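**Student:** Per numbering that gives the first Met the number 0, the sequence shown starts with residue 0, numbered consecutively.
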Amino acid sequence: MLMAADKGDINTIIGGIAPDWGPFGALGTEAKTMIQVVMAVAILLCLAIAIWGAAKQRVGATALRDTFSAEQGKGLIVAGLTGVFIIGSLGTVFTIVYGMAV
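1) Look at the alpha carbon of Leu44 and the alpha carbon of Thr81, and state the distance between them as a whole number of angstroms.
2) Quick one: using the 10 Å Cβ neighbour count with 16 as the cut-off for buried, is Met99 buried or exposed?
3) Can the beta-carbon of Gly79 be found closer than 8 angstroms to that of Leu46?
4) Answer yes or no: do Leu75 and Ile42 have a C-beta to C-beta separation smaller than 8 angstroms?
5) Are Gly52 and Gly72 close, meaning C-beta to C-beta below 8 angstroms?
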């Protein structure tokens, strides 16, 4: 039986935020590490916003019967998850744009 994650490592998981694509390929390892840290913090912040929105939606919809709070929660969930998607796909976007420019 072949396990799907048998050959994977942490670099496979965080490959989307590792800046080895496009113009970042020529940077030193310290600069790449700093960019990885900034992108990872941004992803965690976006996930925190989405979790806060989910909690706000749940509390607003059930406990307080506050529909405005529930709608704000929906907006926060969408904003947080959109941020995660955009940051996670920056590698693809930069590769396409940089490839078109070269």
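For glycine and all other residues, C-beta sits at the position ideal for the given N, C-alpha and C.
Since this is a predicted model, take the numbers as computed values, not measurements.
**Tutor:** Reading it off the structure:
1) 12 angstroms
2) The C-beta of Met99 has fewer than 16 other C-beta atoms within 10 Å across all chains shown, which makes the residue exposed.
3) yes
4) no
5) yes
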